[in-house]
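Here it is in structure tokens:
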């Protein structure tokens, strides 16, 4: 009854005892089920409920620093940290205060907040097929056909296939798109490879059969004349290398080459 793990070996006339003070893994521990960035300035944490818990506490480390208490006396099994910065790596751990086992801790997880992915274009590949192009690779959620539906009447996609290294998703539907009718693409639970969800401003996305749609073109229409032209390019060149938020299309804090790639994809739209 000393709390140590023991192993017994019977060797002829001897009984050997080996003891170990390894932690008791039979005790339930709070498990971090998900730690994902919601945006450049928010991270969502969720974990499983630990039986007999009176409260939870969130611990956070920034970069390589040691973990410090972030929030305590929590009764819920989820928490959103809105005190993070884009590009910084954060480590999180959850501890549970229990009535019988004292304080027990989860494993540590790491996450880096990123900007929300942008939907650059919707183009038609056939009478029942469309392609969505994004500014960054999309995650496995893009393979779920149930995440995409068209209203009215067409319902959910019958297949969803990522190609172009995840930058494009091809959707196929059972029925053809009706001509000259206003349609809307509804998207649910779509995230990039780091778990950041698609910006809500793309849902729903209006479109018409056989007409390409460029929902992000307004981002690069700097002079607000209704199209992305050479005059917008001149304005972009003047802002290149600065921290002007209007021209920072990838929201990384600086107008650089990544913004130029996005601008080039929107040019002429």
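Residue numbers (our numbering): 119 to 387.
Positions of the beta carbon are idealized from the N, C-alpha and C atoms, including for glycine.
When DSSP states are grouped into helix, strand and coil, residue 328 belongs to the coil group. Residue environment: residue 325 is assigned as buried (16 or more neighbouring CB atoms within 10 Å of its CB, all protein chains considered). Secondary structure of residue 284 (DSSP, three-state): helix.
In this structure residue 211 is buried. Its beta-carbon is surrounded by 16 or more other beta-carbon atoms within 10 angstroms. A direct Cα-to-Cα measurement between residue 241 and residue 329 gives close to 7 Å.
Counting along the chain, no beta strand (DSSP E) covers residue 356; the unbroken alpha helix (DSSP H) around it starts and ends at 348 to 357.
Rounded to the nearest whole angstrom, the CA to CA distance from residue 288 to residue 323 is 16 Å. The C-beta of residue 320 has 16 or more other C-beta atoms within 10 Å across all chains shown, which makes the residue buried. Residue range 335 to 338 is occupied by the alpha helix (DSSP H) that includes residue 335. Residue 260 places its beta carbon 7 Å or farther from that of residue 317. For residue 171, the closest C-alpha among the options 164, 163, 162 and 191 is that of 191. For residue 384, the uninterrupted alpha helix (DSSP H) segment begins and ends at 375 to 384.
In the structure shown, residue 228 adopts extended strand secondary structure according to DSSP, grouped into three states. Taking 7 Å as the cut-off, the beta carbon of residue 310 is found closer than this to the beta carbon of residue 256. Contact between residue 208 and residue 161 holds, with the beta-carbon distance rounding to 7 Å and staying under 8 Å.
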